[in-house]
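Read the structure below first, then the notes.
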Amino acid sequence: MCGRYTITLEPAFFQQELALGKIPSEWKPRYNVAPTQNVPSVKNAETRDVEMLRWGLIPHWAKDTSIGYKLINARSETLREKPSFRDAFHKRRCLVLADGFYEWQKSSKDGRQKVPYRFTLKDEKPFAFAGLWELWRSGEKEEVVSCTIITCAANAVVSAIHNRMPVILDKDTCWRWLELQSMDALTGLLKPYPAEKMRAYPVSTRLNNPNEDDPQLIQPLAF
Numbered sequence: 008m009c010g011r012y013t014i015t016l017e018p019a020f021f022q023q024e025l026a027l028g029k030i031p032s033e034w035k036p037r038y039n040v041a042p043t044q045n046v047p048s049v050k051n052a053e054t055r056d057v058e059m060l061r062w063g064l065i066p067h068w069a070k071d072t073s074i075g076y077k078l079i080n081a082r083s084e085t086l087r088e089k090p091s092f093r094d095a096f097h098k099r100r101c102l103v104l105a106d107g108f109y110e111w112q113k114s115s116k117d118g119r120q121k122v123p124y125r126f127t128l129k130d131e132k133p134f135a136f137a138g139l140w141e142l143w144r145s146g147e148k149e150e151v152v153s154c155t156i157i158t159c160a161a162n163a164v165v166s167a168i169h170n171r172m173p174v175i176l177d178k179d180t181c182w183r184w185l186e187l188q189s190m191d192a193l194t195g196l197l198k199p200y201p202a203e204k205m206r207a208y209p210v211s212t213r214l215n216n217p218n219e220d221d222p223q224l225i226q227p228l229a230f
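At position 79 of the sequence shown (counting the first as 1) the number is 86 in our numbering, and the numbers step up by one without a gap.
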């Protein structure tokens, strides 16, 4: 799964690299993005404007927002079948902007605390996760626009730490995720990012606390 990620580069850099539209003023660099927080995303391929969506999908039929905690990720293999994602896959796809993500190493036999690893592109450029979005309304007319990040099998870099990874789309593929209509063509985008273009390094266990959010979190951990 993908439960934490980063948006450390300045919004203007994302805007230039991915040819984005308008940037919301509340978008600031983040070093420990956690579920239920608002994250920069793009829903419209024509304007390419960035909007802040709540991370953790809340289907329109949900009784309340609590289900979002369970739907921060969507498995690429079952998007066409799961009621929570099926309709959004057809009609409400989005890009969730990022420049890195975290996974925790597999449990160690000696009982030591698991060490988190950060994964980025080798060229350190920004990218987008393939995502889905939903509009939820409560009986009191509250509206929440939320999103989920799609995951796939891990590539060779990530699999040493975890068996799943988020679907990464770069500037050459991201807009196809919003523009394509063929389900087969869309499914073809949901694959592991090339391992030779990625890197991984350990970071501080301070990351375990979602209230921690500073540049030191992305510094390589010295063993």
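Beta carbons are placed, not taken as given, at the ideal position from N, Cα and C, and that holds for glycine.
Check	Outcome
Buried/exposed call for E186, threshold 16 Cβ in 10 Å	exposed
First through last residue of the alpha helix (DSSP H) which encompasses W68	Run containing W68: none; DSSP gives neither H nor E here.
Buried or exposed (CB count within 10 angstroms, at least 16 for buried), P133	buried
A192 and N162 closer than 9 Å at C-beta	no
Per-residue DSSP class, three states only, for K79	A small fix is needed here, since residue 79 is Ile in this sequence, not Lys. Note: I79 maps to coil in three-state DSSP.
Continuous alpha helix (DSSP H) stretch holding L228: start and end	Neither: L228 is in no alpha helix (DSSP H) and is coded neither H nor E.
With 16 other Cβ atoms within 10 Å as the buried cut-off, status of P141	The sequence shown places Glu at residue 141, rather than the Pro named in the question. Buried: at least 16 other Cβ atoms inside 10 Å.
Nearest-angstrom Cα separation, counted from G146 out to A135	33 Å
Alpha-carbon spacing of R55 relative to Q223, whole angstroms	31 Å
C-alpha gap between Y124 and K89, whole angstroms	30 Å
Straight-line gap, K70 to K121 (C-alpha atoms, nearest Å)	36 Å
N39 in three-state terms, based on DSSP	strand
Cut-off 7 Å between Cβ atoms - residues of its own chain near S83, not counting five sequence neighbours on either side	I157, T158, C159, V174 and L197
Entirely enclosed beta strand (DSSP E) segments - the stretch 114–202, minimum 3 residues	123–128, 134–144, 150–160 and 171–173
R100, buried or exposed, once every other Cβ within 10 Å from all chains shown has been counted against 16	buried
Sub-9 Å separation of N45 and R61 beta-carbons	yes
W68 versus L228 - alpha carbon distance	44 Å
Sequence-distant residues of the same chain with beta carbon closer than 6 Å to P217, five excluded per side	A41
Which residues DSSP lists as bridging V57, in chain order	V49
Cβ distance (whole Å) where D179 is taken to contact N39 below 8 Å	Not quite, the Cβ-Cβ distance comes to about 28 Å (not below 8 Å), so this is no contact.
Whether R11 touches L139 by CB criterion (9 Å)	no
With 16 other Cβ atoms within 10 Å as the buried cut-off, status of T85	exposed
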